[in-house]
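Undergrad:
Protein chains in written order, with the numbering used here: chain A, 11 to 330; chain B, 2 to 504.
#1: If you draw a straight line from the C-alpha of residue 451 of chain B to the C-alpha of residue 221 of chain A, how long is it?
#2: So is residue 389 of chain B in contact with chain A if we call contact Cβ pairs under 7 Å?
#3: Do we get a CB-CB distance below 7 Å when we pair residue 329 of chain B with the residues of chain A?
#4: Can you list, in chain order, the residues of the region 188-202 of chain A whose Cβ is nearer than 8 Å to any Cβ on chain B?
#5: Starting from residue 2 of chain B and walking both ways along the alpha helix (DSSP H), at which residues does that stretch end?
#6: Between B:162, B:257, B:73 and B:17, which lies nearest to residue 278 of chain B when the distance is taken from Cα to Cα?
#7: Could you tell me which residues DSSP pairs with residue 106 of chain A in its beta bridges?
#8: Run through chain A and tell me which residues come within less than 9 Å of residue 341 of chain B, C-beta to C-beta.
#9: Quick one, are the C-beta atoms of residue 193 of chain B and residue 31 of chain B less than 7 Å apart?
#10: Residue 279 of chain A touches chain B at which residues, Cβ-Cβ below 7 Å?
#11: Check this for me: beta carbons of residue 148 of chain B and residue 130 of chain B, under 7 Å apart or not?
#12: Residues of chain A with CB closer than 8 Å to the CB of residue 372 of chain B, please, in chain order.
#13: Would the beta-carbon of residue 280 of chain A fall within 7 Å of that of residue 23 of chain A?
#14: Residue 248 of chain A touches chain E at which residues, Cβ-Cβ below 9 Å?
#15: Tell me where the beta strand (DSSP E) around residue 337 of chain B begins and ends.
#16: Taking Cβ positions only, does residue 491 of chain B come closer than 7 Å to chain A?
#17: As a quick exercise: from B:318, B:410 and B:337, pick the residue whose alpha carbon is nearest that of residue 355 of chain B.
#18: Which residue from B:69, B:439 and B:418 puts its Cα closest to that of residue 430 of chain B?
#19: List the residues of chain A that residue 362 of chain B touches, going by C-beta distances under 8 Å, in chain order.
#20: Straight-line CA distance for residue 436 of chain B to residue 133 of chain A?
#21: What does a CB cutoff of less than 7 Å around residue 295 of chain B pick up in its chain, not counting 5 residues either side in sequence?
#22: Counting along the chain, where does the beta strand (DSSP E) carrying residue 19 of chain B start and finish?
#23: Measure the Cβ-Cβ separation of residue 84 of chain B and residue 158 of chain B and say whether it is below 7 Å.
#24: Considering just the uninterrupted stretch of the alpha helix (DSSP H) at residue 229 of chain B, what are its terminal residues?
#25: Rounded to the nearest angstrom, what separates residue 390 of chain B and residue 379 of chain B at their Cα positions?
#26: Between B:174, B:387, B:140 and B:59, which lies nearest to residue 92 of chain B when the distance is taken from Cα to Cα?
#27: Looking at the structure shown, is residue 418 of chain B part of a helix, part of a strand, or coil, going by DSSP?
#28: Taking the beta strand (DSSP E) that residue 456 of chain B falls in, what are its first and last residues?
#29: Can you list, in chain order, the residues of its chain with a C-beta nearer than 6 Å to that of residue 171 of chain B? Leave out the 5 residues immediately preceding and following it.
#30: Is it the case that the region 69-81 of chain A contacts the region 271-279 of chain A, given that we only count it when at least three CB pairs across the two stretches are under 8 Å?
#31: For residue 503 of chain B, which residues in the same chain have their Cβ closer than 7 Å to its Cβ, ignoring the five residues on either side in sequence?
#32: Looking at the C-beta of residue 432 of chain B, does it have a partner C-beta in chain A at a distance below 7 Å?
#33: Thinking C-beta only, is residue 144 of chain A closer than 7 Å to residue 126 of chain A?
#34: Give a yes or no on whether the C-beta atoms belonging to residue 415 of chain B and residue 359 of chain B are separated by under 7 Å.
#35: Counting only Cβ pairs nearer than 7 Å, list the residues of chain A close to residue 333 of chain B.
#36: I'd like to confirm the pairing. Which residues does DSSP put opposite residue 161 of chain A in its beta bridges?
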């Protein structure tokens with residue numbers, strides 16, 4: 011990408027480095043292997059969601075529904091795994107294997123995103139409104155499906171995704187790494203990626219160049235939905251329980267990561283790696299504040315300040 | 002001399018945009034400021050109008066040294082500028098835009114809408130624009146918006162009015178209106194500083210000229226003493242031979258045939274935008290389309306390009322194949338390419354690089370497996386940078402940093418890359434300096450010689466008369482006249498553009 015976004019990323023890296031040095035000076039628990047894996051494991055959910063959010067934001071859209079979609083997909087995966095589908099009146103029971111349940115969760119997530127994308131493109135509803143509606147719809151469906159109770163005790167095989175290790179690295183880190191790799195390749199190397207940037211940069215010019223705007227938009231919302239579902243599966247697996255109110259306000263953390271990572275909310279500018287750095291900064295900050303025994307109330311204030319400072323610095327750079 | 006510029010130097014991060022510029026503007030006269038894009042005209046005007054306040058040198062206004070700290074200060078002193086880029090707010094009405102920042106209020110401090118409405122009506126009347134002051138600016142054509150900008154400056158009652166390419170977006174009839182307004186302003190003792198690339202136009206309105214080149218003042222004097230060629234030579238610092246085209250002979254077959262093409266208005270109860278359009282285009286032919294603003298010229302090109310599929314009726318035949326385009330992608334597949342009028346909003350993605358803009362239409366052909374092949378992309382880009390003589394430091398330069406002429410060449414290049422059979426050009430040289438303009442003309446003619454069918458819409462009659470082999474004139478959504486190049490005169494074209502009954 012452009013020189014400018016490279017500078018931004020460089021700055022984020024420096025900020026991250028300073029942050030790490032500061033915290034490790036104040037707490038000897040920070041710079042340990044265990045804590046490192048712990049932080050990475052914790053942020054992998056936010057990374058996966060933020061990557062999807064980045065794709066949407068690059069097209070000059072936004073997806074507020076990711077937190078609810080995360081809960082819905084997690085609940086459905088857990089529910090199908092544990093109870094399958096049973097309709098007593100028809101004497102029907104369908105059981106689900108581990109992969110089948112996960113696949114169903116991913117499909118539900120993608121469909122939620124597809125639905126948002128469809129309403130946005132077909133009825134020209136602003137993404138903010140369409141996904142706000144989806145936020146409520148998905149949360150309501152989650153409550154309906156779970157009847158408001160957690161679905162727990164999902165078995166050791168399922169727990170592997172959120173808590174397991176593979177080749178010495180936590181499984182969620184593998185998954186988020188894979189998501190990053192694929193989306194970086196997609197945004198930087200493929201035609202579709204170029205179209206995503208083009209639409210965010212100038213939708214009119216993109217349409218006149220023969221790009222099917224609606225297809226691309228529906229695609230990015232579907233991907234954002236699917237990535238939210240992956241997040242949902244990771245969260246559910248780690249807790250061994252699908253919580254009906256999981257993921258509340260996760261969309262805000264995702265947007266924060268996107269913004270700190272230097273992606274412009276007006277679209278067309280930004281990178282996946284920027285967002286990943288943004289998510290890591292937020293994760294390290296969270297972890298550091300906990301290690302330093304800062305009260306949760308102050309943690310929120312500090313996080314808000316960091317977002318503001320990051321955006322101010324970014325703004326100043328782009329005006330030079 | 003009402004305004005004198007003495008030894009003005011202005012630097013941007015060390016690079017001089019203006020260097021020791023010395024100029025003077027005579028009271029009650031129109032002075033043309035000439036120079037290629039990048040010569041420093043805009044920078045100078047921004048200094049005169051208070052946009053830039055840090056510079057070296059001195060400005061004398063009415064023989065007093067003066068230094069404007071902001072545009073408000075310049076306006077209060079009596080210097081107003083009409084920018085080339087429109088500075089209107091689309092979802093406010095005409096009247097709200099005109100009075101923006103200087104709203105009239107009654108003694109209660111409440112907006113005096115009646116007074117503003119009346120004053121706006123009066124201004125619109127002087128400008129011969131029959132519009133309701135309460136219409137939204139978003140609903141106006143670019144040309145009309147330009148005139149609203151002029152109305153804004155008139156309201157200020159300024160002594161010096163700087164006009165930065167005021168006619169770049171308006172049709173010849175509207176230019177006449179503007180010139181009448183300028184003459185009225187001169188009679189009341191105003192001074193006009195007029196920036197334009199259109200030398201023919203300047204002959205009609207300007208008395209004096211000043212020439213800038215590479216940030217330096219090169220020459221000044223009375224316009225009547227200078228020939229076109231002499232002016233151009235001073236502007237570009239070298240001789241440029243303007244291109245000439247001889248009409249070739251064409252084959253019998255039609256490349257494009259349009260029958261009964263109509264375009265309904267998207268608003269109910271409104272008149273159709275295009276009515277029963279019939280015309281044809283042959284291989285290698287350049288067809289010029291003239292008309293006033295709102296005659297339906299742009300809409301005709303848009304309709305051909307598949308932008309209004311729901312409201313279109315009629316037949317479009319390309320190479321004997323009947324075409325029904327649902328979207329631009331379909332049109333591109335059938336060999337059409339559309340260089341739009343408004344390159345910043347429709348032609349380019351300003352925040353992307355030269356390469357990314359140039360290859361956006363042909364990425365599909367540049368793929369190797371899953372990925373876009375960087376090497377082929379670079380080769381294609383390099384190829385067009387060379388053939389069209391696009392001046393850019395690297396392929397990775399953002400297009401927003403290029404001059405208008407080079408931006409326009411990139412729009413042209415991205416469409417030529419699709420290897421079209423039919424090229425639709427809407428105002429292909431708007432806001433482009435003379436050097437680049439001539440290069441674009443040469444390219445267009447060369448493309449026609451290579452067998453492309455080309456349709457050029459332009460508000461500049463000299464441009465149409467120079468390029469077109471055949472000319473169609475449109476008025477109110479209909480074709481009102483067709484003439485061959487050798488029969489066309491400005492007079493005939495204008496008559497057909499204004500009157501529907503012209504035979």
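Heads up, the beta-carbon is just placed ideally off N, CA and C, and yes, glycines get one too.
This structure is a prediction, so every number in the text was calculated from the model and none was measured.
TA: According to the data block:
#1: As a working note, residue 451 of chain B is residue 450 in the second chain. As a working note, residue 221 of chain A is residue 211 in the first chain. Taking the straight line from one Cα to the other gives about 28 Å.
#2: Within the second chain, the letter at position 388 stands for residue 389 of chain B. For residue 389 of chain B, not one C-beta of chain A is nearer than 7 Å to its own C-beta.
#3: Counting from one through the second chain, the residue named residue 329 of chain B turns up at place 328. Using a CB distance cut-off of 7 Å, residue 329 of chain B counts as an interface residue toward chain A.
#4: For the region 188-202 of chain A, which is checked against every Cβ of chain B, the residues closer than 8 Å are 195, 199, 200 and 201.
#5: Walking along the second chain from the start, residue 2 of chain B turns up at place 1. Per DSSP, residue 2 of chain B is not a residue of any alpha helix (DSSP H), being assigned neither H nor E.
#6: Position 277 of the second chain, counted from the first residue, corresponds to residue 278 of chain B. Residue B:257 is the option with its Cα nearest to residue 278 of chain B.
#7: Residue 106 of chain A sits at position 96 when you count from the first residue of the first chain. Bridge partners of residue 106 of chain A according to DSSP: none are assigned.
#8: Position 340 of the second chain, counted from the start, is the residue given in the question as residue 341 of chain B. Per Cβ cutoff of 9 Å: 214, 215 and 218.
#9: Here residue 193 of chain B is taken as the residue at index 192 of the second chain, counted from 1. Here residue 31 of chain B is taken as the residue at index 30 of the second chain, counted from 1. Between residue 193 of chain B and residue 31 of chain B, the CB-CB gap stays under 7 Å.
#10: Taking the first residue of the first chain as position 1, residue 279 of chain A is located at position 269. The contacting residues are 352.
#11: Numbered from 1 along the second chain, position 147 holds the residue referred to as residue 148 of chain B. Numbered from 1 along the second chain, position 129 holds the residue referred to as residue 130 of chain B. In this structure, residue 130 of chain B lies closer than 7 Å to residue 148 of chain B by Cβ.
#12: On the second chain, residue 372 of chain B is found 371 positions in, with the first residue counted as 1. Simply 195, 199 and 200.
#13: Mapped onto the first chain, residue 280 of chain A falls at position 270. Mapped onto the first chain, residue 23 of chain A falls at position 13. No, these two residues do not count as a Cβ contact at 7 Å.
#14: The displayed structure is made up of protein chains A and B, and chain E is not among them.
#15: As a first step, residue 337 of chain B must be located in the second chain, where it is residue number 336. Note, residue 337 of chain B: beta strand (DSSP E), 337-340.
#16: Your numbering for residue 491 of chain B matches position 490 in the second chain. Chain A, which has no Cβ nearer than 7 Å to the Cβ of residue 491 of chain B, makes this no.
#17: Position 354 of the second chain holds residue 355 of chain B. Nearest to residue 355 of chain B by C-alpha distance, out of B:318, B:410 and B:337, is B:410.
#18: For the purposes of this step, residue 430 of chain B is taken as residue 429 along the second chain, with counting starting at 1. Closest by alpha carbon: B:439.
#19: For the purposes of this step, residue 362 of chain B is taken as the residue at position 361 of the second chain. By Cβ distance, chain A contributes 219 and 220.
#20: Locating residue 436 of chain B in the second chain gives position 435, counting from the first residue. Locating residue 133 of chain A in the first chain gives position 123, counting from the first residue. The alpha-carbon atoms of residue 436 of chain B and residue 133 of chain A are separated by roughly 46 Å.
#21: Along the second chain, one-based indexing puts residue 295 of chain B at 294. Correct list, in chain order: 142.
#22: Counting from 1 along the second chain, the entry for residue 19 of chain B is found at position 18. It spans 16-26 - the beta strand (DSSP E) in which residue 19 of chain B sits, taken as one unbroken run.
#23: As a working note, residue 84 of chain B is residue 83 in the second chain. As a working note, residue 158 of chain B is residue 157 in the second chain. In this structure, the beta-carbon distance from residue 84 of chain B to residue 158 of chain B does not fall below 7 Å.
#24: The sequence position of residue 229 of chain B within the second chain is 228, counting from 1. DSSP places residue 229 of chain B inside the alpha helix (DSSP H), whose first and last residues are 229-237.
#25: If you number the second chain from 1, residue 390 of chain B lands on position 389. If you number the second chain from 1, residue 379 of chain B lands on position 378. Taking the straight line joining both Cα atoms gives about 16 Å.
#26: For the purposes of this step, residue 92 of chain B is taken as the residue at position 91 of the second chain. The shortest C-alpha separation from residue 92 of chain B is found at B:140.
#27: Translated into positions along the second chain, residue 418 of chain B becomes position 417. DSSP places residue 418 of chain B in coil when its eight states are reduced to three.
#28: By 1-based counting over the second chain, the position of residue 456 of chain B is 455. Residue 456 of chain B -> beta strand (DSSP E) spans 454-458.
#29: Counting from 1 along the second chain, the entry for residue 171 of chain B is found at position 170. Around residue 171 of chain B: 144 and 147.
#30: Remark: three or more beta-carbon pairs, one from each stretch, lie closer than 8 Å, so the region 271-279 of chain A and the region 69-81 of chain A are flagged as touching.
#31: Counting from 1 along the second chain, the entry for residue 503 of chain B is found at position 502. No answer about residue 503 of chain B holds up, because its pLDDT of 41 lies below 50 and its placement is not dependable.
#32: If you number the second chain from 1, residue 432 of chain B lands on position 431. Taking Cβ atoms only, chain A never reaches closer than 7 Å to residue 432 of chain B, which makes this a no.
#33: For the purposes of this step, residue 126 of chain A is identified with residue 116 of the first chain, where counting begins at 1. For the purposes of this step, residue 144 of chain A is identified with residue 134 of the first chain, where counting begins at 1. When the beta-carbon positions are compared, residue 126 of chain A and residue 144 of chain A come within less than 7 Å of each other.
#34: Residue numbering aside, residue 415 of chain B sits at position 414 when the second chain is read from its first letter. Residue numbering aside, residue 359 of chain B sits at position 358 when the second chain is read from its first letter. Yes.
#35: Taking the second chain and counting its residues from 1, the one referred to as residue 333 of chain B is at position 332. Per Cβ cutoff of 7 Å: 220.
#36: Start at 1 with the first residue of the first chain, and residue 161 of chain A comes out as number 151. For residue 161 of chain A, which the question treats as bridged, DSSP gives the partners A:252.
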